[in-house]
Amino acid sequence: MRQGSRNRQVRMPGKISLNLGGGAARGFAHVGAIRALVENDIHFDLLVGISMGSIVGGIYSVMPDVDFLEKRLKQLVAFEAFKNSVVGTWTTNQDPNSKGFVHRAQKLFAGTNILRRIFTAPGVLTPSDVQSVMYPFIADVTFNATAIPFATAAVNIRNGELRVFQGSDRLRDAVIASASMPLIFPPERIGKEWYVDGGVLDKLGIETAERLGATRFIVVDVSDEKLPDNIPRSGFDVMLKTEEIASEHRRIIQLQKANLVVRPIRGNYHWADYSAADEFIAMGYEATMEQIGEIRSIAANRRLFGFLSRS
1 MRQGSRNRQV RMPGKISLNL GGGAARGFAH VGAIRALVEN DIHFDLLVGI
51 SMGSIVGGIY SVMPDVDFLE KRLKQLVAFE AFKNSVVGTW TTNQDPNSKG
101 FVHRAQKLFA GTNILRRIFT APGVLTPSDV QSVMYPFIAD VTFNATAIPF
151 ATAAVNIRNG ELRVFQGSDR LRDAVIASAS MPLIFPPERI GKEWYVDGGV
201 LDKLGIETAE RLGATRFIVV DVSDEKLPDN IPRSGFDVML KTEEIASEHR
251 RIIQLQKANL VVRPIRGNYH WADYSAADEF IAMGYEATME QIGEIRSIAA
301 NRRLFGFLSR S
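Here is the structure:
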């Protein structure tokens, strides 16, 4: 597939977008979904990724090869810096009999300064931690240099506005910003502003796609089937569960705009369960194949991940 022109017109009314939503480890399902779409020669005009979807989309938009994408993501989670990070060790250190977030954190971070960072620093990970994990895997190019049209978004932590990244913006900076999960990642600085996870406002990337002229949306939603059926045990857990509820309602409202939604995840999985990567990939493939006829009808007569003017 040819490299995109630096002068290409990004906004074109009537586009169809493929939206890869946020979901941390569950985002591996996006790999299976993309594989099913490519195998069936399904066509889209724009790829949008949010949070984990931005990592998947950021890698794939530069090198649109599904085998490469899967290999690259698995390399990322097997990378020593990732495995040693709080994200890579989160589920393996969980105590099912714990009394709440603070108790779990105390056990998980005993002998470290991470518990202190939860309450005194912008994130558990430091900027250096994030760079060590992400820089080797996300290309340092502009969105104009991607092989396929791609966009992502993040939330300005100062004023609460959603910023869409595309065109001459730097891909690596934007992907890290979009994936900067509050509490775990520190806000990402871009220019004079600081940004956090785009999923805070646009979990499925539909608003992002709308701003770029898309009117039809195929959404891969990798959130759990339902909210965890649990009673929070601490004030901090109540706060986290409350945000989960608010996020779920924002997601449901967004889904009303989608033309078709692929829901690969069966059951509930921990957001950091990267050991289930192959399982998630299989779920993504199977769920997409189940709806491939409907997807093909919506995306008919479109060049795969390309503008009509680039044929």
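Following this note's numbering, the numbering of the sequence shown begins with 1 at its first residue and continues without gaps.
Virtual Cβ for every residue (Gly too), placed ideally from N, Cα, C.
Can you grab the Cα-Cα spacing for the pair leucine 73 / alanine 24, in whole Å?
12 angstroms
Is serine 275 helix, strand or coil by DSSP?
helix
Isoleucine 298 to asparagine 268, Cα distance in whole Å?
29 angstroms
Measure the alpha-carbon distance for tyrosine 285 versus asparagine 156 and round it to whole angstroms.
34 angstroms
The beta strand (DSSP E) that contains arginine 163, what's its start and end?
162–165
As a quick exercise: from Val164, Ser180, Gly14, pick the residue whose alpha carbon is nearest that of aspartate 129.
Ser180
Reduced DSSP secondary structure (H/G/I, E/B, other) of aspartate 197
The three-state secondary structure of aspartate 197, taken from DSSP, is strand.
What residue range is occupied by the uninterrupted alpha helix (DSSP H) comprising glycine 206?
For clarity, residue 206 is isoleucine in the given sequence; the question names glycine instead. Counting along the chain, the alpha helix (DSSP H) containing isoleucine 206 begins and ends at 206–211.
Contact check, phenylalanine 137 vs leucine 171, beta carbons under 7 angstroms:
For phenylalanine 137 and leucine 171, no; Cβs fall outside 7 angstroms.
Which one or two residues does DSSP pair with arginine 189 in a beta bridge?
Trp194
Within 10 angstroms of its Cβ, does asparagine 68 collect 16 or more other Cβ (buried), or is it exposed?
Reading the sequence as shown, one finds phenylalanine at residue 68 and not asparagine. Exposed, because fewer than 16 other Cβ atoms sit within 10 Å of the Cβ of phenylalanine 68.
Tell me the rounded alpha-carbon separation between isoleucine 218 and histidine 43.
The straight-line gap separating the alpha-carbon atoms of isoleucine 218 and histidine 43 is approximately 11 angstroms.
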